[in-house]
Structures are given as C-alpha cells and as structure tokens.
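Following: one structure in structure tokens, then a few remarks.
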Amino acid sequence: PRAVIVDDFNGDGIPDLAVANEQSNNVAILLGRGDGSFLEPQFFGVGIHPASLSRGDFNGDGLPDLAVPNYDSHSITVLINDKP
Numbered sequence: 062p063r064a065v066i067v068d069d070f071n072g073d074g075i076p077d078l079a080v081a082n083e084q085s086n087n088v089a090i091l092l093g094r095g096d097g098s099f100l101e102p103q104f105f106g107v108g109i110h111p112a113s114l115s116r117g118d119f120n121g122d123g124l125p126d127l128a129v130p131n132y133d134s135h136s137i138t139v140l141i142n143d144k145p
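When we follow the numbering used here, the leftmost residue of the sequence shown carries the number 62, and every step to the right adds one.
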C-alpha cells in the first residue's frame, strides 16, 4: 500500500478505509464493521502506480469521492462515490 485515507464512504457512521495499492494499480475500499475489523475489500482499477489519495465531494452530492494521482501514467483518476 502506498496511501490510506479514513472516511465514512457508505454513510453508516462507521470509519472505512481507502487504500492506494501501488504495485497492483488499484484502490481498495474496506468498509468498517464497527468493531475495528473490516469487510473484504472492493477493488477499483486506477492508472499506473497510484501515488496518494485525496478526498473531496467532487460532484456535490455530500458523499466523499477520491482523486488518485497515478505517477507512471501521468494521470489522475477520480472515483465518484455512488453509495447512498
């Protein structure tokens, strides 16, 4: 893993994790169970070598979205959160 952000990505009030995985070129979202453990990760493909994570509400819906700069592909992937 290259970077980690903690936020409530599914709106249940429990902290979740977003993890940038540099070697596998993806971002994993791990939803928190509320007891310190997490559900199995959901993986989202991004560019080559995601270097970090930034969170923001990029589409104005009140949910945290992610921006992922990809070092070797010279690009930024925006992951829009569609969880209610």
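Using N, Cα and C, we set each Cβ at its ideal position, and we do this for glycine too.
**Message:** So for Asp-126, helix, strand or coil by DSSP?
**Reply:** If DSSP states are grouped into helix, strand and coil, Asp-126 belongs with the strands.
**Asked** When the distance is taken between beta carbons, is Phe-105 closer than 7 Å to Leu-140?
**Response** It is a contact, given that the beta carbons lie within the stated cut-off.
**Request:** Go ahead and pull the three-state DSSP assignment for Phe-119.
**Result:** Residue state, collapsed to three classes: coil.
**Asked** Which partner residues does Ala-89 have in the DSSP bridge list?
**Response** In DSSP, Ala-89 forms a bridge with Val-80 and Phe-104.
**Under the three-state DSSP convention, the category Pro-111 falls into** = The three-state reading of DSSP puts Pro-111 in strand, counting E and B together.
**Which of helix, strand or coil DSSP assigns to Asn-142** = Annotated three-state conformation of Asn-142 is coil, per DSSP.
**Request:** Measure the Cβ-Cβ separation of Ala-81 and Pro-130 and say whether it is below 7 Å.
**Result:** No Cβ-Cβ contact shorter than 7 Å links Ala-81 with Pro-130.
**Reduced DSSP category for Asn-131 - H, G, I as helix; E, B as strand; rest coil** = DSSP places Asn-131 in strand when its eight states are reduced to three.
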